[in-house]
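Asker:
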Amino acid sequence: MVESGHDEDTGEKTIVLKPNGSLSRRQAWLLLGICGLLMGLVAGFCAALGAWLVLPFSGLEWILLAFCLHLSIRQSQEREVITITGDLVRVEKGWGSPLQTYKFQRAWVMLDCIQSPIRGHPSRLTLRLHGKEVELGRFLVESERQVLARELKYLLSLG
Amino acid sequence: MKKTLQLLAGFWSVLWGVANAETGSGTGVGWGALNLPAGVTPDSHDIHDLHMTILWICVGIGILVYGILVYSLIHHRKSKGVVPATFHENTKLEIVWTIIPFLILIAMAIPATKVMIKVYDTSASDMTIKVTGYQWKWRYTYLDEGIDFFSSLDAKSNEARQLGSKIDPATVEHYLLNVDKPLVIPANKKIRILLTAADVLHAWWVPEFGWKKDAIPGFITDGWIKVEKPGIYRGQCAELCGRDHGFMPIVVVVKTEDEYKQWVAAEKAKQEVGKVDASKPLTLDELTAKGKEVYASNCAACHGAEGDGVPGVFPAIKGSKVALGPLADHLKLVLHGKAAMPAFKDQLNDVEIAAVVTYQRNGFGNKKGDSIQPADIQAYK
Amino acid sequence: MDDKELHKANARLVWRMVVIALLMFGLGFAIAPYYDAVCNYFGISGRVKEATAEQALKVDESREISLEFVTVVNGQMPLRFRAETGKLKIHPGQYYTVNFYAENTSDKKLVGRAIPSISPAWTSSFLKKAECFCFSEQEFEPHKERKMPVRFVVDPTIQADTKEMTLSYTFFDINEKTQTIKN
Amino acid sequence: MSVATHDDIHAHDHHDHGPAKGFMRWVTTTNHKDIGTLYLITGLIMFFVGGAMALVIRAELFEPGLQYVDPHFFNQMTTLHALIMVFGAVMPAFAGLANWMIPMMIGAPDMALPRMNNWSFWLLPFAFVMLSSTLFMDGGAAAAGWTLYPPLVLQTGNALPFTVFTVHILGMSSIMAAINIIVTVFNMRAPGMTMMKLPLFVWTWVITAFLLIAVMPVFAGAVTMLLTDKYFGTSFFNAAGGGDPVLYQHLFWFFGHPEVYILILPSFGIISSIIPTFSRKPLFGYASMVYATASIGLLSFIVWAHHQYTVGMPLAGELYFTYATMLIAVPTGVKVFNWLATMWKGAMTFETPMLYAIAFVVLFTMGGFTGLMMSISPADLQYHDTYFIVAHFHYVLVPGAVFALFAATYYWLPKWTGHMYDEKLGKLHFWLTTISVNICFFPQHFVGLAGMPRRIPDYAVQFAEFNAMSSVGAFVFGFSQLIFAYVIYKAIKGGEKATSEVWEGAEAHGLEWHLPSPPPYHSWTEAPDQSLISELH
């Protein structure tokens, strides 16, 4: 998803990129809770019959489910924030807080959109300057990347 | 090819029999060959009726559902130039076809409940017979009479059912449904059957009696029968119990009360005779002849009719170290068993053990030449 | 990630997997003594004594229940096992003692355990035992008979239409079991 | 696990590479289509392996007397036939369909956890090699039936621990597949693809996945207890130590009943996709289909003991399970009526997938009727453990689950390969299969009612005719499947090019028909247009 806006205070132009994720944290907890309840009931019932060996299997499985949901949600919480100020383009990548920051001179930076030679394969959108390169929106779907490319081209050319 | 033709002819005769059958009868060709037997106990009649009721309800629903389907397949096809409708919902219709099946189910549940309550009522029985399942035979204990015996597949079926026996099962009377010693019960008496097992799960089932029940080691389960007419009724073990699960039939001989009493008296007398016999010496021929019978119903299942055994699973008797070695070791093995080999101490009497051991030491080309007397067995014990 | 780094990461992963495999293998050996220890600690040993202390109950003379005794010997155990009586008419609330006899017919010492079963199953909670030989290990010397008493009462609150009950004991060979474990 | 985390994310780095070449492509693949293909091929191979075992059984039962195999080997065959067909053929085939179709249907580029997806597939071949190896062990493979009831199963030789570990591995594989599907469907749906817009195939798989994660631990626990009972002296199921062999049956069927729905619910989804396409009409009662599937799933947890009416449960238990089981007929009926209403006033054509779908409706309903009869506990005292039961569950599993798989294969094969399959051969396969399947299983109703117990290697002579007929049917059925394998092979090799829509008007019935045939290696790198999604249903 591509969300663009202005910083109220500084008037900086910002674009936030995020991958598609249809499950929110809260919904994930709800899902885990429901599964936990279901599995707990089942395992508890078996344990009450005397088959307590079911409990560790259920427990392990719930942990695996939680871990997998965590992984998937973490992936969908990846963010890329592109901030464009007077003479600088800043790209911050990370989960929750920025982990990597790249800065480019606005005037000199180059925007590349390379189509994949293989049909149906995703294109790559990069910012480049003096051998420094950063890829943008790898997790976006093709149409979103095209929108981003057009918007960035426009913003950068405003000079 | 000939075999196939025979089978086709047989199949035809079954269908022909069905078409011409007037009444439902439990045995032979007719509806009985295709449907649940009507049975000979009150429970079995109820269960048969219940079965027929549900069957006809299902047939009714089936005609309706398949009728609609066939109509639709014939009339609503693209090749007839039909323009497809666009409807995809109808709440009223959907509610109707949720509620109507529900009502039909209630109508089915009421008689089912009534029958089940009757089947479970084992109270006020006239006598109790304990049935114990063994791998792979049944043991019947008459708790009130003190009669106690094992019942296993008869020798003829047993011989014919061996892998590669070359005996046509069709020539064996009641192939796989005959035993060496059947359960005998009186007619028109409420008999409580108490079930348990001595090794693995078994299930006692005579279709004509209307129910089956599992025999579980360490636990007792029960059921009851009240057979209306004397006769011979056959069934089989119905719960997978190992290698010879398919070869532990049940035969119940139902006698009139008087005949039953005679049988009980004779049975008790026979038990006395068995004890006397033990002291009388027998000839080698007598022993091997008797031994062959005992072998067929007790040993052949594992060790093979010809004493060949099954390599790696059941040892051969032909040329075996035990059968050709010291008598004491041989007797010890037969009396007390070892691993999968059962102990025959309580299952066979001294005469039978003497006979079967003699047979094993002299049959299958094991020309050991000794004849073991019942007295030897007693001495060994 | 360059090749060198990848190589290092792979080597680490291999080591971790080896350690996990060793741990799993070790766990296979450790689980039996561990299980014993846990069971001893929590007192789950399968050797539960099912008897409860005798208490005074109101005897219901007006009702009579026919109690049947059934004995079963599991598998090939060389044991002759019987109850002194096949059937007993009892009044709910009154205590009775019935002796069971078991004879070892072999030359070896036997260790057995008897398991009770009651039919109809729902009546089992009404049959209370003050003394019982069940669930505990019983030793039988060769060719010796042992007398084992059962003292019990049927709770008078049992449903009024109960006319018949069956109490069965099945003896299991414990020797055999300990042997298979050793093998 | 931090390594795995890293790699899962890392996997996305490789989006821009095409598939690797050769054998390693398949070993290391994390692509949902590759893994789906692997699953489907495994399912087909195991279908033939399990089928060969069925033919051993039917050859022995062709006439009375023992002709070919020892009874002990016969029991190993019945046991392995069931285990392989359930866990080796049907479940992997459904997992393969899920892998192929779910991302395409919900507008996602791949499954949520591609690395785990690879692992959950590659556990399977090892599990089956292990299971097959038990046949060559001392004392042979497990021979206590697929239910593995103690105490009988404890008489198994060295094969027992291997069988139990196989079950554990298969369980792990299915659990990982189920979790992957749940996470994918919940977190990877394209914008606008709400839950009530999901195709029914996806819905039925989500419910199946929930059933799987709920009951798999029970089975894993139960078989582990078998192992500790045999080797570590515990007494869970051993009466001698105060345990109860019937407890195992309760545990097994607490898993086993939902398990049989795991085998049939995805079929409902497939049939609900195919019938509307070839009737050229929207599916009737989408919402009630979803609710019916969910209630079948829920009911499956409370009816397990109807597999054990003869163990001597208290009367109240028998009656409760009778009533609860009968209730299942209501939502199942709703499904059948909805399919009928979908066909009603449609403009039907009868390509192979549709033929299979119609045969599914007809024959699965047959299995449903016998199921209803068996739910009545007193009547089941007669039916239990007879060939009537064998006929029933084969009617719901062969013309049920397996026909749905055939239908799905013919339906989506042009999409997968980009080539139309050979319609003539497909129809030949259909008619041979449908006729022979009935010749094989219908007579079993009769022998069962007349008193033939199941799992016996030899039978009394009065059952000879119907058994011979059944065996002939089984052999024709078995060999007809070679046509199926050939049709698939032919379509992969070439043939008439398929359009992206494949079937006339299919675009209205699912997102997958908007992708080209064959679809690109990564499905929806282009997000499906909102308008496409809102047009569905």
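Residue numbers (our numbering), protein chains in the order written: chain A, 6 to 164; chain B, 120 to 500; chain C, 826 to 1008; chain D, 13 to 549. All residues carry an ideal CB built from backbone N, CA and C; glycine is no exception. Computed from a predicted structure; not experimentally measured.
Nearest to D:R70 by alpha carbon, out of D:H93, D:G48, D:T421 and D:F418?
Answerer: D:H93
Asker: Going by DSSP, which residues form a beta bridge with A:W100?
Answerer: A:E83 and A:S102
Asker: Measure the C-alpha to C-alpha separation of D:L277 and B:Y352 and round it to an integer number of angstroms.
Answerer: 43 Å
Asker: Return no unless some Cβ of chain D is closer than 7 Å to the Cβ of B:K348.
Answerer: no
Asker: With C-beta atoms as the reference, is D:F198 less than 7 Å away from A:L28?
Answerer: yes
Asker: Using the rule of at least 16 other Cβ atoms within 10 Å of the residue's Cβ for burial, across every protein chain shown, is C:K988 buried or exposed?
Answerer: exposed
Asker: D:F4: buried (16+ other C-beta within 10 angstroms of its C-beta) or exposed?
Answerer: It is not possible to answer for residue 4 of chain D, since the shown part of chain D is limited to 13 through 549.
Asker: With a threshold of 16 other CB atoms inside 10 Å of the CB of D:S389, please say whether the residue is buried or exposed.
Answerer: D:S389 is buried by the Cβ-count criterion.
Asker: Excluding five sequence neighbours on each side, which residues of the same chain lie with their C-beta closer than 6 Å to the C-beta of D:R201?
Answerer: I118
Asker: Just the C-alpha distance for B:I496 and B:N468, rounded to the nearest angstrom, thanks.
Answerer: 10 Å
Asker: Quick one: what's B:W324 bridged to in DSSP?
Answerer: B:K331 and B:Q355
Asker: Decide if B:H209 is buried, meaning its Cβ has at least 16 other Cβ atoms within 10 Å, or exposed.
Answerer: Per the sequence shown, residue 209 of chain B should be read as Asn rather than His. It counts as exposed.
Asker: Considering Cα atoms alone, identify which of A:L60, A:R129 and A:M115 is closest to A:V94.
Answerer: A:M115
Asker: Determine whether the beta carbon atoms of D:A328 and D:L425 lie at a separation below 7 Å.
Answerer: no
Asker: Just to confirm, are C:F906 and C:F850 a CB contact at a threshold of 7 Å?
Answerer: Taking a C-beta distance under 7 Å as the contact criterion, C:F906 and C:F850 do not qualify as a contact pair.
Asker: Output, in sequence order along the chain, the residues in the segment 91-113 of chain A whose CB is closer than 8 Å to any CB in chain D.
Answerer: none
Asker: Consult DSSP for A:C73 and reduce its assignment to one of helix, strand or coil.
Answerer: helix
Asker: Determine, using beta-carbon pairs with one atom in the segment 509-523 of chain D and one in the segment 115-130 of chain D, whether at least three such pairs fall under 8 Å.
Answerer: yes
Asker: Give me whichever residues DSSP pairs with D:M360 in a beta bridge.
Answerer: B:R196
Asker: At a Cβ threshold of 7 Å, is D:V342 touching chain C?
Answerer: no
Asker: Can you tell me whether C:A908 is helix, strand or coil according to DSSP?
Answerer: strand
Asker: I'd like the list of long-range same chain contacts for C:L838, defined as Cβ closer than 8 Å, with 5 residues on each side in sequence excluded.
Answerer: There are no such residues.
Asker: Taking only beta-carbon positions, decide if B:A231 is within less than 7 Å of chain C.
Answerer: no
Asker: Which residues in the same chain as C:E893 place their Cβ atom closer than 6 Å to its Cβ, once the five residues preceding and following it in sequence are excluded?
Answerer: K912 and T991
Asker: Please go through the same chain and pick out, in chain order, the residues whose beta-carbon is closer than 7 Å to the beta-carbon of C:N1000, but skip the five residues on each side of it.
Answerer: L935 and V936
Asker: Using a Cβ cut-off of 9 Å, which residues of the segment 131-163 of chain D contact any Cβ in chain C, in chain order?
Answerer: none
Asker: For the segment 973-988 of chain C, which residues have a CB atom closer than 7 Å to at least one CB atom of chain D, in sequence order?
Answerer: Those residues of the segment 973-988 of chain C placed with their C-beta closer than 7 Å to a C-beta in chain D do not exist.
Asker: Return the chain-ordered list of same chain residues with a C-beta closer than 6 Å to the C-beta of D:W351, the five sequence neighbours on each side being excluded.
Answerer: I287 and V373
Asker: So, with DSSP's three-state summary, where would you put D:Q167?
Answerer: helix
Asker: Shorter than 7 Å from the beta carbon of D:V195 to some beta carbon of chain G?
Answerer: In the structure shown, chain G cannot be found, because the protein chains are A, B, C and D.
Asker: How is B:E141 classed by DSSP in three states: helix, strand or coil?
Answerer: Note that B:E141 scores a pLDDT of 40, beneath 50, so its modelled location is shaky; the value from the coordinates is reported in the next line. Coil, per DSSP.
Asker: For C:N929, does the three-state DSSP call read helix, strand or coil?
Answerer: strand
Asker: So, with DSSP's three-state summary, where would you put D:S529?
Answerer: In the structure shown, D:S529 sits in coil (DSSP, three-state: anything other than H, G, I, E or B).
Asker: Alpha carbon to alpha carbon, how far is D:H24 from D:V315?
Answerer: No answer about D:H24 holds up, because its pLDDT of 40 lies below 50 and its placement is not dependable.
Asker: Under 7 Å between the Cβ atoms of D:G345 and B:P305?
Answerer: no
Asker: Quick one: grab the DSSP three-state call for D:V484.
Answerer: helix
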